[in-house]
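Here the sequence shown stands for residues 3 to 189, numbered as in my numbering. Data first, discussion second: the structure below is written as structure tokens.
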Amino acid sequence: RLVGLVEHNPGPRPTNGTATMDGNSGGEVIMEGTTIAGRYRVEALIGEGGMARVYRGTDITLDRPVAIKILREELSHQENVVSRFRREAHSAAKLSHGNIAQGYDTGVDAGRYYIVMEYLPEADLKQIIEEYAPLPLRKVLDFAIPAAEALDYAHRAGIVHRDVKPQNILFSDSGQVKLADFGIAAA
């Protein structure tokens with residue numbers, strides 16, 4: 003539960019914050035039921051950003067929900083964009099902390115660059131602020147302290163996030179704060 007602010011809703015949230023939501027459209031949308039790398043079944047589009055789309059999916063091998071971030075097709079031929087996308091996967095893979103969204107896998111399948119991550123079904127902090135602002139100081143601290151601990155851990159590992167914002171502060175279904183989207187992180 004999100005520290006007592008919102009009701010638990012295990013169903014899909016169309017605006018889950020695993021990617022920056024900027025309303026961009028265009029390019030290929032992966033169809034529901036598509037399998038990536040013979041292992042990850044795409045179930046629903048849950049987020050969209052300038053570089054990638056994020057889908058809720060299932061890891062067929064481990065039978066667990068995942069988030070699958072797929073680089074936009076129209077960007078997959080731009081070396082600098084592909085490099086940045088890969089850097090995000092490698093930055094996240096270096097970090098193992100309870101308040102950082104866990105990266106599971108990365109690769110290329112049928113020309114599609116992808117990152118598979120922990121699926122976080124709850125609202126992101128931006129959505130919580132929009133719905134419940136102003137938040138009591140105690141609740142703000144309940145979010146800010148774990149996010150700061152995640153940033154401290156990343157900094158000690160030599161990684162600077164560079165895109166900390168409410169959309170990148172997510173929550174597990176038990177309410178645990180998770181920092182996500184290391185897409186423009188610098189080592």
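Note that CB positions come from ideal geometry on N, CA and C, so glycine has one too.
Helix, strand or coil: which one does DSSP assign to residue i?
| i | result |
| --- | --- |
| Leu143 | helix |
| Ile130 | helix |
| Gln87 | It is worth fixing the name first, because residue 87 is Phe in this sequence and not Gln. In this structure, Phe87 counts as helix in the three-state DSSP scheme. |
| Leu172 | strand |
| Ala103 | coil |
| Ala69 | strand |
| His10 | Residue confidence for His10 is low, a pLDDT of 37 falling below 50, so the modelled location carries little weight; the figure read from the coordinates is stated next. Residue state, collapsed to three classes: coil. |
| Asp183 | coil |
Hey, residue i and residue j are a contact pair by Cβ (cut 8 Å); roughly how many whole angstroms apart?
| i | j | result |
| --- | --- | --- |
| Leu127 | Phe145 | 6 Å |
| Arg114 | Ile38 | 7 Å |
Here's the rule: buried if 16 or more other CB atoms are within 10 angstroms of the residue's CB, otherwise exposed. What is residue i?
| i | result |
| --- | --- |
| Met33 | exposed |
| Thr63 | exposed |
| Leu97 | buried |
| Asp24 | Residue confidence for Asp24 is low, a pLDDT of 35 falling below 50, so the modelled location carries little weight; the figure read from the coordinates is stated next. Burial call: exposed. |
| Ala46 | exposed |
Excluding sequence positions up to five away, which residues of its chain have a Cβ less than 6 Å from the Cβ of residue i?
| i | result |
| --- | --- |
| Thr108 | Ala91, Ile117 |
Look up residue i in the DSSP assignment and give the residues it is bridged to.
| i | result |
| --- | --- |
| Leu47 | Tyr57 |
| Met119 | Ala69, Gly105 |
Using a Cβ-Cβ cut-off of 8 Å (strictly less than) and excluding sequence neighbours within five positions of residue i, which residues of its own chain qualify?
| i | result |
| --- | --- |
| Val1 | Nothing about residue 1 can be read from this structure; the chain reaches only from 3 to 189. |
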